[in-house]
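Step one of this worksheet: look at the structure below.
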Amino acid sequence: MIKKKNVLINNVVKRVTIGLRLKIILTVIISLIISSPLSAMINKYVQQWIDGNFGVYINTIISLFITTGIITMIIHFTIIKPIKTARETLEKVSNGDLTVSINHHSKDEIGQLSSVLNNMIFNLRELTNSVNETSEQVASSAEQLKTSSEETFKASKQILDSIQQVALGTNHQTKSVASATQIVLDVSQDSNHISNYVQNTNESSMKTSKQVDNGVSVVENAMEQMEIIILNTEDTDMIIQTLSEKSRDIESILSIITDISNQTNLLALNASIEAARAGDLGKGFAVVAEEVRKLAEESSKATQNIYSIISDIQENTNIAVQSIDKGKKAVKTGKELVNGAGDLFKGISSSIQDIANQMKEITKSVDVITEKNNNLVLSIESVNEITEQTGSSSQQVASSIENQTTSIEDMKTSITSLSTMANQLQDAVKRFKL
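In this text, residue positions in the sequence shown follow the numbering used here: the first is 4, and each later residue adds one.
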């Protein structure tokens, strides 16, 4: 395209050169045509005043001046002035003012040259506007692309950091999964041990339950014996009460016997006195009275001994009654304690039964936990495989992102260069006034 423009300009220059030559020739011819009558008229006046060769010289000089002046004026208005106007316009264009144009409307070569120059200025202005708009768009696009590349670079860096963290987390997760697998296996073993312990505890609970049932039977037998003891104690208490009453009856009888003995002793004393008064006649009676008195004294002593024995019996009876009362209270307390022990054994039996039932439920739960632990081990192993695959994929993605980051760096450098060139182009375009 530049070659075509150069050819066009060369053709125009050639045409202008040819046209100028023709104009000069025509100008000379026209000047000669115009100057001949003027020279003849001037020569006529000169010859009126000056004769001879000197007049010819003057006439020739005047003719030359007239011809030269006419040629100069014609060349000035037809060639020099349009060329000067074009030169001034081109100087403004060379200084960057593309708003000017050449106001020459003739159809000659100068007019064609002016039209070509106007077209050139117009095309240059359009080209400069297009370059300016394009450079602005390129600069704007470069800035946007630079911003996008920076954001993409930052995002890639963040993604790279995130993926590296994911890779590290995956490694930690792999280790954690391995630890979790071992923990689950340990838990499974512990669950088996717990199941065995629970089974042994359940068997011990069953044995304890049987022993508690035996204890309940023993307590029930003890309660029955307590009831028998209470009944026997009550019978003994009644017998002792009867014995106490009989002792009081014996005491009443002894009181009567004592009174009789005292009366007998008094009668024996009176009989002795009367026998003494009777003299020899009363000696036999005195002997009888003495024997009666002795018998009364012995009866009195015997009564006192019986009183003493009865008192001891009553005292021992009272002690026995008190002991029996204490025994009854102790037996009642023992009965209550045995009842409490029986209730306690029953509660223990019920609790042991509940424990046995709970142990059965625990055994079932432990079996379920063991099964779930086995399933969990399988799941964790699957997760471990997926985690290892994720770690490998993360490393591949990290490598790809590193390559992408390098490419983005190169693109960023290219975009920076493009932005610089666009700015330089804008600065160059700003030199022109549009």
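Don't be surprised by glycine CBs; every beta carbon is placed ideally from N, CA and C.
Residue 265 beta carbon near the ligand ADP (any heavy atom closer than 6 angstroms)
With respect to the ligand ADP, the structure shown offers nothing to examine, as it has no ligands at all.
In whole angstroms, what is the alpha-carbon distance linking residue 3 and residue 127?
The structure shown does not extend to residue 3, since the chain is modelled only from 4 through 437, so no value can be given for it.
Given this structure, state the Cα-to-Cα distance separating residue 117 from residue 133, to the nearest angstrom.
Mapped onto the sequence shown, residue 117 falls at position 114. Mapped onto the sequence shown, residue 133 falls at position 130. For residue 117 and residue 133, the gap between their C-alpha atoms comes out near 24 angstroms.
Given that a residue counts as buried once 16 or more other Cβ atoms are within 10 Å of its Cβ, and exposed if not, what is residue 353?
Here residue 353 corresponds to residue number 350 of the sequence shown, with the count starting at 1. So residue 353 ends up on the exposed side.
To the nearest angstrom, how far is it from the Cα of residue 269 to the Cα of residue 277?
Stepping through the sequence shown from its first residue, residue 269 is reached at position 266. Stepping through the sequence shown from its first residue, residue 277 is reached at position 274. For residue 269 and residue 277, the distance between alpha carbons rounds to 12 angstroms.
Applying the 10 Å Cβ sphere with the 16-neighbour rule, what's the burial state of residue 312?
Start at 1 with the first residue of the sequence shown, and residue 312 comes out as number 309. If you draw a 10 Å sphere on the C-beta of residue 312, you find fewer than 16 other C-beta atoms in it, and that means exposed.
Buried or exposed by the 16-neighbour rule on C-beta atoms within 10 Å, applied to residue 371:
Position 368 of the sequence shown, counted from the start, is the residue given in the question as residue 371. With fewer than 16 other Cβ atoms from the protein chains shown falling within 10 Å of its own Cβ, residue 371 counts as exposed.
Rounded to whole angstroms, what is the Cα-Cα separation between residue 467 and residue 94?
Absent from the model: residue 467. The displayed extent of the chain is 4 to 437, so no value can be given.
Assign residue 264 to buried or exposed, taking buried as 16 or more other Cβ atoms, counted over all protein chains shown, within 10 Å of its Cβ.
To locate residue 264, count along the sequence shown from 1; it is residue 261. Residue 264 is buried by the Cβ-count criterion.
Where residue 419 falls, given that 16 or more other Cβ within 10 Å makes a residue buried:
To locate residue 419, count along the sequence shown from 1; it is residue 416. When all chains shown are included, residue 419 counts as exposed.
Determine the DSSP secondary structure at residue 424, reduced to helix, strand or coil.
In the sequence shown, the residue the question calls residue 424 occupies position 421. Three-state DSSP puts residue 424 in a helix.
Distance CB(residue 64)-CB(residue 85) smaller than 7 angstroms:
Counting from 1 along the sequence shown, the entry for residue 64 is found at position 61. Counting from 1 along the sequence shown, the entry for residue 85 is found at position 82. Cβ distance not < 7 angstroms, so residue 64 and residue 85 don't count as in contact.
Buried or exposed for residue 142, please, with buried defined as at least 16 other CB atoms from any protein chain shown within 10 angstroms of its CB.
In the sequence shown, the residue the question calls residue 142 occupies position 139. So residue 142 counts as buried.
Could you round the C-beta distance between residue 92 and residue 105 to whole angstroms and report it? I think they count as a contact, below 8 angstroms.
As a first step, residue 92 is located in the sequence shown; it is residue number 89 there, counting from the start. As a first step, residue 105 is located in the sequence shown; it is residue number 102 there, counting from the start. With 8 angstroms as the limit, residue 92 and residue 105 qualify as a contact, their Cβ atoms being about 5 angstroms apart.
On the CB-based measure, 16 or more other CB atoms within 10 Å of its CB, does residue 67 come out buried or exposed?
As a first step, residue 67 is located in the sequence shown; it is residue number 64 there, counting from the start. Residue 67 should be labelled exposed.
Figure out for me which residue from 414, 366, 102 has the closest Cα to the Cα of residue 206.
Start at 1 with the first residue of the sequence shown, and residue 206 comes out as number 203. For residue 206, the closest of 414, 366, 102 by C-alpha to C-alpha distance is 366.
C-alpha gap between residue 360 and residue 328, whole angstroms:
Taking the sequence shown and counting its residues from 1, the one referred to as residue 360 is at position 357. Taking the sequence shown and counting its residues from 1, the one referred to as residue 328 is at position 325. About 47 angstroms.
Identify every residue that forms a DSSP beta bridge with residue 346.
Here the question's residue 346 lines up with position 343 in the sequence shown. DSSP lists no partner for residue 346.
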